[in-house]
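Below: the structure, in structure tokens.
Number of protein chains: 2
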Amino acid sequence: MTTAPPRPARKPRFDSLYQEAYLNLWRTYDRLKVVEDELFVRFDLSAQQYNALRLLEAAHPGTMPTLALGTKLISRAPDMTRMLDRLEERKLVHRERKPENRRVVEVGISPTGLALLDELSGLVREGHKRQLGHLSSRELKQLVELLQAARDPHEEPGGRWHRTK
Amino acid sequence: MTTAPPRPARKPRFDSLYQEAYLNLWRTYDRLKVVEDELFVRFDLSAQQYNALRLLEAAHPGTMPTLALGTKLISRAPDMTRMLDRLEERKLVHRERKPENRRVVEVGISPTGLALLDELSGLVREGHKRQLGHLSSRELKQLVELLQAARDPHEEPGGRWHRTK
DNA sequence: GGACGATAGACGTTTCAACAAGCGTCGTCT
DNA sequence: AGACGACGCTTGTTGAAACGTCTATCGTCC
Chain R
1 MTTAPPRPAR KPRFDSLYQE AYLNLWRTYD RLKVVEDELF VRFDLSAQQY NALRLLEAAH
61 PGTMPTLALG TKLISRAPDM TRMLDRLEER KLVHRERKPE NRRVVEVGIS PTGLALLDEL
121 SGLVREGHKR QLGHLSSREL KQLVELLQAA RDPHEEPGGR WHRTK
Chain P
1 MTTAPPRPAR KPRFDSLYQE AYLNLWRTYD RLKVVEDELF VRFDLSAQQY NALRLLEAAH
61 PGTMPTLALG TKLISRAPDM TRMLDRLEER KLVHRERKPE NRRVVEVGIS PTGLALLDEL
121 SGLVREGHKR QLGHLSSREL KQLVELLQAA RDPHEEPGGR WHRTK
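Just so you know, the sequences run in chain order R and P. First residue of the first sequence: 1, per this note's numbering; consecutive thereafter. First residue of the second sequence: 1, per this note's numbering; consecutive thereafter.
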């Protein structure tokens with residue numbers, strides 16, 4: 001087959017600029033996620049689980065209720081119980097019902113969990129650099145700004161992810 | 001950049017600017033995805049399935065092999081067979097083995113599928129506007145540019161998603 | 001023209017996400 | 001104090017994703 005001579009103009013692959021932006025967002029997330037997952041799968045972790053451990057680390061030596069942790073995750077998780085089951089089975093977290101209120105289950109990170117995070121920290125940092133290390137600091141900041149603006153109306157006003165400035 | 005001016009207030013929620021950008025990407029994708037999913041779930045479709053139907057629509061009245069379709073999807077799908085099983089069961093697509101090469105299965109969109117896309121088109125357009133309608137055209141274009149730049153090294157050079165300009 | 005490797009999908013199995021319903025616990029109202 | 005409703009989590013079930021393995025078909029080489 002010979003080379004197609006004059007490309008008859010790029011066909012409109014997208015219905016609208018909104019769609020183009022969203023599909024690019026999806027695609028970019030998907031591509032970068034591959035890099036993350038490759039790393040975590042070596043430790044039998046999902047990105048979401050790692051995220052949860054990081055939040056518990058931030059709360060350490062304190063604890064937090066199961067569902068409170070669920071709402072702080074990047075991507076919402078309607079099944080915290082079983083996710084924590086898996087983490088607890090590996091002794092990465094511990095759970096306890098307090099006598100004051102036996103409804104809530106307080107979750108905390110364990111020494112084993114902290115050790116795992118410590119072991120991972122360097123690799124995660126490298127991973128993020130592999131993902132986005134080719135962008136300049138200025139570009140990254142601009143990207144963050146735009147992403148925040150993009151999701152701003154979809155965040156709860158008081159939430160952890162809502163824009164404050 | 002000189003060393004930190006007064007920046008004591010905000011706690012370092014992120015390890016690095018790379019991480020901040022990636023987590024913002026993740027979060028933004030997740031928030032906007034909610035809007036899409038709400039729409040598609042009413043039609044018992046996933047975003048990925050819709051995406052596949054759109055690709056088949058673009059090829060219509062032609063067809064394409066199963067795996068070729070798989071590689072064109074936004075997010076990679078290692079199990080095209082069963083995804084197409086579900087779509088075929090609903091008569092949205094049709095599959096056929098051609099005598100010339102009985103290994104490949106050619107997939108095409110059916111009239112029912114085209115009708116569904118037609119029914120959806122307005123709603124999808126509205127959905128995208130609800131997702132990102134608050135951003136200016138200039139912001140959207142800038143966002144697309146940055147997203148493309150972000151994933152560029154992670155795309156295959158010849159691929160459908162690789163930056164050409 | 002038969003053996004061989006490569007190709008394209010199908011399929012079995014395991015794991016995980018999502019939704020819904022259920023159960024113990026607590027606060028409150030009368 | 002007992003009833004009632006809200007809360008916080010657990011559990012059952014269903015459906016889909018991920019991974020490896022298997023089958024059929026094709027091209028090629030001798």
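For glycine and all other residues, C-beta sits at the position ideal for the given N, C-alpha and C.
Each residue's CA atom was taken as its position, placing E88(P) and V144(P) some 34 angstroms apart. Burial check for L116(P): the Cβ neighbour count within 10 Å reaches 16 or more, so the residue is buried. Contact of Y29(P) with chain R is assigned, a C-beta pair being separated by under 9 angstroms. If you ignore the 5 residues before and after Y22(P), its C-beta comes within less than 8 angstroms of no other C-beta in its own chain.
Nearest CB-CB separation between V105(R) and chain P: not below the 9 angstroms threshold. Under the DSSP definition of a beta bridge, P65(R) partners with E106(R). Per DSSP, E156(R) is not a residue of any beta strand (DSSP E), being assigned neither H nor E. Beta bridge pairing from DSSP links V93(P) with I109(P).
Assignment of E139(P) by DSSP, reduced to helix, strand and coil, places it in the helix class. For the region 116-128 of chain R, the beta-carbon criterion of a distance under 7 angstroms to any beta-carbon of chain P is satisfied by R125, H128. Nearest Cα to R160(R) within the set S75(R), P61(R), D15(R): S75(R). Inter-residue distance for R95(P) and L123(P) is about 28 angstroms (C-alpha atoms, whole angstroms).
Within chain R, no residue has its beta carbon less than 7 angstroms from that of I109(P); the closest one is some 17 angstroms off.
Looking at H128(R), E139(R), G70(R), the one whose alpha-carbon comes closest to that of F14(P) is H128(R).
DSSP, read as helix, strand or coil, puts S121(P) in helix. Residues of chain R whose Cβ lies closer than 8 angstroms to the Cβ of P153(P) are, in chain order, H134.
In the DSSP assignment, E100(P) falls outside any alpha helix (DSSP H) and carries neither an H nor an E. DSSP places L116(P) within a helical segment (H, G or I) once states are collapsed to three.
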